[in-house]
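Asker:
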Amino acid sequence: MHLIIAITGCSGVVYGARLLEVCRQQNIETDLIISRAAEQILKLELGKGVNDLQKLATRSYSPDELAAPLASGSFRTDGMVIAPCSMKTLGTIANGVTADLISRTADVTLKEGRPLVVVPRETPLNLIHLENMAKLKRAGATILPAMPALYHKPKQISDLVDFIVGRILDVLGIEHQLYQRWRGDKSRWEGRLQRDRLRKYRGRTQR
Ligand SMILES: Cc1cc2nc3c(=O)[nH]c(=O)nc-3n(C[C@H](O)[C@H](O)[C@H](O)COP(=O)(O)O)c2cc1C
194 MHLIIAITGC SGVVYGARLL EVCRQQNIET DLIISRAAEQ ILKLELGKGV NDLQKLATRS
254 YSPDELAAPL ASGSFRTDGM VIAPCSMKTL GTIANGVTAD LISRTADVTL KEGRPLVVVP
314 RETPLNLIHL ENMAKLKRAG ATILPAMPAL YHKPKQISDL VDFIVGRILD VLGIEHQLYQ
374 RWRGDKSRWE GRLQRDRLRK YRGRTQR
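Take any residue in the sequence shown, note its place counting from 1, add 193, and you have its number in this note's numbering.
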């Protein structure tokens with residue numbers, strides 16, 4: 194498995210950082226691109242520099258390296274994840290504007306029919322954001338908003354992060370144990386079981 198991971202300038206750079214960590218643990222080959230705006234937010238939110246994340250990747254590129262192998266469809270990969278994805282980067286990809294290596298590589302990923310998973314982080318969303326997401330979806334991307342569920346009763350931020358990273362891996366068909374999957378409402382089943390047992394018991398005692 195060989196993935197391209199891009200981290201862009203929005204809140205939630207931890208999603209990209211954790212994805213890189215998990216890929217390294219699972220021996221998944223990674224090509225990393227971190228946008229200039231993301232550099233700033235990495236420091237702000239995680240107290241980390243670009244080098245700290247580059248150490249986790251197999252190879253890394255600057256967003257200006259438009260001649261990098263990733264910029265060509267002839268460079269074979271199993272897909273690309275942009276986590277988190279700013280509304281700026283999302284807008285450029287949705288409108289075919291391939292101004293840097295991130296948007297060019299995403300464009301190539303779509304034209305080659307490979308999986309592109311986009312993890313937008315913005316709230317609330319304006320109509321331009323929504324229309325750009327719809328365009329990307331129609332072009333074949335998976336829009337996977339950084340919207341963790343709460344049914345698995347998260348206790349810490351890392352539980353919320355792992356839920357989103359786990360869902361990204363699900364889309365790409367990669368096995369993981371990052372979050373507990375929904376297995377139905379246990380309390381409902383337990384309640385029904387107890388009622389059934391009580392009914393049986395009453396049946397026996399009333400005979
Ligand atoms: C601290 C900080 C947080 C930001 N958070 C977001 C965000 O959550 N979503 C978003 O779309 N843009 C956010 N932005 C704005 C983007 O960084 C800005 O649009 C930038 O041009 C994105 O560039 P990039 O897509 O090349 O990384 C944030 C900016 C800063 C400084």
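Yeah, the Cβ is synthetic: ideal placement off N, Cα and C, and Gly gets one too.
1) For the stretch 304-315 against the stretch 225-239, are there 3 or more C-beta pairs whose distance is under 8 Å?
2) Among V311, E368, F356, which residue has its Cα nearest to the Cα of R401?
3) Given this structure, state the Cα-to-Cα distance separating G266 from Q219, to the nearest angstrom.
4) Within 8 Å, do at least three Cβ pairs link the stretch 325-340 to the stretch 279-288?
5) Compute every distance between the C-beta of G266 and the non-hydrogen atoms of ligand 1, then say whether any falls below 7 Å.
6) In chain order, what residues of the same chain lie with their CB nearer than 7 Å to the CB of T251, ignoring the 5 residues before and after it?
7) Which of the three DSSP states is assigned to A261 in this structure?
8) Helix, strand or coil for H195? Go by DSSP, reduced to three states.
9) Given 7 Å as the limit, tell me if I234 has its C-beta closer than that to any heavy atom belonging to ligand 1.
10) Any heavy atom of ligand 1 closer than 7 Å to the beta-carbon of K330?
11) What separation, rounded to the nearest whole angstrom, lies between the Cα atoms of A260 and L196?
12) Nearest to L213 by CA position, among V301, I295, I275, is which residue?
13) Comparing alpha-carbon positions, which option in A199, L323, G366, L320 lies nearest Y254?
14) What does the alpha-carbon distance come out to for the pair P277 and V364?
15) Indicate whether A339 and V312 have their beta-carbon atoms separated by less than 8 Å.
16) Going along the chain, which residues of its own chain have a beta-carbon closer than 6 Å to the beta-carbon of M326, five neighbours each way excluded?
17) Per DSSP, M273 forms a beta bridge with which residues?
18) Excluding the 5 residues flanking L294 on each side, which residues of the same chain have their C-beta closer than 8 Å to its C-beta?
Answerer: Taking the geometry as given:
1) no
2) Nothing can be reported for residue 401, as the shown portion of the chain is limited to 194 through 400.
3) 25 Å
4) yes
5) no
6) E222, T223, D224
7) coil
8) strand
9) yes
10) no
11) 18 Å
12) I275
13) A199
14) 16 Å
15) yes
16) I336
17) I197, L309
18) I226, Y254, S255, P256, D257, E258, L259, A261, L263, A264
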